[in-house]
Amino acid sequence: MKNIYTLLFLLFGFIGSLPAQTTEIDHARALDIYRNIISFRTAAGQDMVPEMASYLAGQLAQAGFSDDDIHILPVNDTAALVVRYPGNGNARKKPILFLAHMDVVDASPEEWKHDPFILNQDDTYFHGRGTSDNKYGVMNLTQSFIRLKLQGFVPNRDLLLVFSGDEETTQATTNMLINDYPDLIDAEFALNSDSGGGSLDATGIPLAYHYQAAEKTYATFEITATNPGGHSARPRQDNAIYDLAEAILKIKDHEFPVMSNAIVRESLRAEGKQMGGEFGDALQRFADNPQDKQAIQTILANDDYDQSIRTTCIATLLRGGQVENALPQRATVTVNCRIFPGTRVDEIQSALERVIDNPELNIVPLDEYLSSPASEPREDVVDAIAFAVHERYPEMQLVASMSSGYTDARVYRRAGIPTFGTSAKIIGPESSNAHGINERFPIKAFYDGLDHWIDIIQTLAGK
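Put into structure tokens, the structure is as follows:
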């Protein structure tokens with residue numbers, strides 16, 4: 309095994325100094341897993357998630373995990389993978405979940421510089437679909453479990469590796485685990501590789517590490533205007549497109565109430581101190597007093613921060629009419645909302661109805677959306693994350709944060725399992741292009757982060 313991984317390391321051509329905690333074999337193993345899982349086109353409709361799950365299960369079995377502790381659970385054309393790392397029970401506590409998702413947003417090879425499903429690298433980046441979102445997390449957790457198993461590490465409680473298969477779409481695998489296999493994933497809390505992370509400035513100076521403790525609720529509504537229609541040569545005042553246009557403009561002008569929680573205030577206070585200046589001062593004043601009207605207006609005027617203190621709803625799709633020479637019988641707009649934690653989806657639907665103020669329009673959610681609570685930061689989790697981060701960047705400040713997007717964490721939080729996002733990613737201001745063309749991940753960050761989960765696991769579940 310050692311000779312194989314040493315050869316792989318030399319073939320893959322990584323050049324640079326290695327952290328003391330890792331070996332060339334560890335690096336080669338991690339890169340081998342990364343290269344293989346990038347090659348699985350695990351986008352919706354490609355039916356390759358089960359193949360990837362089987363590959364990962366095989367790697368973990370080779371490291372010594374028993375068949376009884378490895379579960380591949382199919383759902384339609386995808387699957388979830390759950391692997392139990394048995395502990396000795398000394399902690400007398402429930403297991404810890406470690407989360408990632410195996411699926412990716414699809415990519416068209418003709419639009420990329422390189423085939424998105426073949427791992428490529430240059431002097432600075434790895435390139436490929438999922439290199440950042442979230443196959444780096446899948447690889448990193450997998451190699452960490454393998455390394456610890458091979459080292460003979462026995463945790464003081466059970467650890468559960470939980471990989472979903474459709475986080476980017478329906479989250480059916482995650483809901484299946486919660487609803488159909490609650491005993492399999494019963495845990496004290498969960499740590500999610502798909503959110504959180506640290507930032508560096510352009511010169512490599514550490515800025516802050518944000519661990520995610522809350523997410524906005526994702527909800528989409530369709531608003532439809534209907535009309536008997538008629539011939540376009542005989543126009544009338546009532547018109548489905550006009551009625552819908554008026555509704556859209558009312559939504560555009562509506563501002564949902566300003567809200568905050570301890571997580572948002574902590575995040576804004578830290579960013580304000582770091583940023584300085586007039587805007588940084590406004591962030592700090594809001595954190596100290598969420599009723600500060602001047603601070604609120606300053607924040608709401610900034611497109612990068614206004615969404616952090618309120619629910620937002622935005623029109624994203626539009627369709628209407630049937631032919632060019634007929635009055636429209638139907639017009640529909642799709643409105644996507646990101647809802648502040650603690651606010652119910654039906655409250656937002658009622659707010660839209662009041663704003664539009666037209667009972668003739670029909671407003672319906674596209675799915676059964678459920679709100680997700682915030683997770684109150686835990687001292688033991690924060691200390692473990694801090695240890696892992698400070699091993700690399702001793703001066704980096706940890707800040708709790710709320711995400712405007714969503715991950716599998718929302719499902720676990722809703723099920724009563726506190727969940728915290730703590731990706732191993734600590735990168736500069738450059739974009740990863742996750743979900744976009746030519747997704748990439750910095751090579752240095754890849755290798756620097758390989759001890760992240762080792763440190764966290766040993767801190768939380770070691771002797």
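For what it's worth, the working numbering labels the leading residue of the sequence shown as 309, then goes sequentially.
Glycine included, every Cβ here is placed at the ideal spot set by N, Cα and C.
Does the Cβ of Pro543 have 16 or more other Cβ atoms within 10 Å, making it buried, or fewer, making it exposed?
-> Classification of Pro543: exposed, given that the 10 Å Cβ count is below 16.
Can you name the start and end residues of the alpha helix (DSSP H) that Arg368 belongs to?
-> Note on residue identity: the sequence assigns Leu, not Arg, to residue 368. Where Leu368 is concerned, the enclosing alpha helix (DSSP H) stretches over 357 to 370.
Report the residue from Thr477, Gln630, Leu405, Tyr433 whose alpha carbon sits nearest the alpha carbon of Ala352.
-> Looking at the Cα atoms, Thr477 is the closest of the given residues.
Is Tyr519 near Gly506, with beta carbons less than 7 Å apart?
-> Between Tyr519 and Gly506, the CB-CB gap reaches or exceeds 7 Å.
Can you tell which of Ala399, Ile345, Arg349 has the C-alpha that lies nearest to the C-alpha of Tyr363?
-> Taking only the C-alpha atoms, the option nearest Tyr363 is Ile345.
Enclosing beta strand (DSSP E) for Phe728 [first to last residue] = The continuous beta strand (DSSP E) containing Phe728 extends over residues 727 to 729.
Could you tell me the boundaries of the beta strand (DSSP E) in which Ala742 lies?
-> Element bounds for Ala742: n/a, residue is neither H nor E.
Run of the alpha helix (DSSP H) containing Glu523, from where it starts to where it stops = Premise fails: Glu523 lies in the beta strand (DSSP E), 514 to 523, not in any alpha helix (DSSP H).
Pick helix, strand or coil for Glu574, following the three-state DSSP scheme.
-> Glu574: helix per DSSP, three-state reduction.
Please confirm if the region 538 to 554 is in contact with the region 632 to 640, defined as three or more CB-CB distances below 8 Å between the two stretches.
-> The region 538 to 554 makes contact with the region 632 to 640, as at least three CB pairs between them are under 8 Å.
Rounded distance between the beta-carbons of Ala371 and Ile454, thought under 8 Å = Your pair Ile454 and Ala371 checks out as a contact, with CB atoms roughly 4 Å apart and the cut at 8 Å.
Counting Cβ pairs, one atom from each stretch, are 3 or more of them under 8 Å apart for the region 614 to 625 and the region 639 to 655?
-> Yes, since at least three Cβ pairs between the region 614 to 625 and the region 639 to 655 fall closer than 8 Å, the two stretches touch.
Which of helix, strand or coil does DSSP assign to Gly538?
-> Per DSSP, reduced to three states, the secondary structure at Gly538 is strand.
On the DSSP bridge assignment, give the partners of Gly628 in chain order.
-> By DSSP's assignment, Gly628 forms a beta bridge with Ala639.
Can you have a look at Asn442 and say buried or exposed, based on whether 16 or more other CB atoms are within 10 angstroms of its CB?
-> The C-beta of Asn442 has 16 or more other C-beta atoms within 10 Å across all chains shown, which makes the residue buried.
Looking at the unbroken beta strand (DSSP E) that takes in Val470, where does it start and where does it end?
-> Per DSSP, the unbroken beta strand (DSSP E) holding Val470 starts and ends at 467 to 472.
Between Asp377 and Thr715, what straight-line distance do the alpha-carbon atoms span, to the nearest angstrom?
-> Straight-line spacing of the CA atoms in Asp377 and Thr715 works out to 25 Å.
Beta-carbon proximity list for Gly580, same chain, < 6 Å, skipping 5 on both sides | The answer, listed in chain order, is Gly588, Leu591, Gln592.
Pair within 7 Å by beta-carbon distance, Val788 and Ile617 | Beyond the ends of the chain as shown, which are 309 and 771, falls residue 788; an answer cannot be given.
Can you list, in chain order, the residues of its chain whose CB lies under 7 Å from that of Phe348, leaving out five sequence neighbours each side?
-> Here Phe348 has Met356, Glu359, Met360 as same chain residues with Cβ atoms under 7 Å from its own Cβ, once five neighbours each way along the sequence are excluded.
Closer than 6 Å by C-beta to Lys457: which residues in its own chain qualify, once you throw out the five before and the five after it? Chain order, please.
-> Setting aside the 5 residues that flank it on each side, Lys457 is surrounded in the same chain by Ala371, Gly372, each with a C-beta closer than 6 Å to its C-beta; the list follows chain order.
Does the Cβ-Cβ distance between Leu407 and Ala522 come in under 7 Å?
-> The answer is no: Cβ separation not under 7 Å.
Please say whether Val462 and Asn396 have beta carbons closer to each other than 7 Å?
-> Contact flag set, yes.
Residue range of the beta strand (DSSP E) that includes Ala708 = In the DSSP assignment, Ala708 falls within the unbroken beta strand (DSSP E) covering 705 to 711.
On the DSSP bridge assignment, give the partners of Ile622 in chain order.
-> BP columns for Ile622 point to Asn644.
Would you say the region 721 to 736 touches the region 413 to 421, given that touching needs at least three Cβ pairs under 8 Å?
-> Per the Cβ contact rule, the region 721 to 736 is not in contact with the region 413 to 421 (fewer than 3 Cβ pairs under 8 Å).
Let me know the secondary structure DSSP gives Tyr263 once reduced to three states.
-> Outside the displayed span of the chain (309 to 771) sits residue 263, for which this structure offers no information.
Just to confirm, are Pro514 and Glu703 a CB contact at a threshold of 7 Å?
-> A Cβ-Cβ contact shorter than 7 Å links Pro514 with Glu703.
DSSP-derived helix/strand/coil call for Ser679 = Residue state, collapsed to three classes: coil.
Measure the CB-CB distance between Thr640 and Glu475 and report whether it falls below 7 Å.
-> Taking 7 Å as the Cβ cut-off, Thr640 and Glu475 do not qualify as a contacting pair.
Determine, using beta carbons only, whether Ile664 and Lys560 come nearer to each other than 7 Å.
-> No, these two residues do not count as a Cβ contact at 7 Å.
Counting only the same chain and skipping the five closest in sequence on each side, list residues whose C-beta sits under 6 Å from that of Ile762.
-> Excluding positions up to five away in sequence, the list reads Ser452.
Where Asn448 and Asp688 are concerned, what is the direct C-alpha to C-alpha distance, given to the nearest angstrom?
-> Roughly 22 Å separates the two Cα atoms.
If we count the other Cβ atoms within 10 Å of its Cβ and call it buried at 16 or more, is Gln781 buried or exposed?
-> No answer is possible for residue 781: it lies beyond the span of the chain, which begins at 309 and ends at 771.
Going by alpha carbons, who is nearest to Val383 out of Asp488, Lys733, Ala708?
-> Taking the Cα of Val383 as reference, the smallest distance to any Cα among Asp488, Lys733, Ala708 is reached at Asp488.
Residue from Arg652, Asp691, His743, Phe695 with nearest C-alpha to Tyr677 = The shortest C-alpha separation from Tyr677 is found at Arg652.
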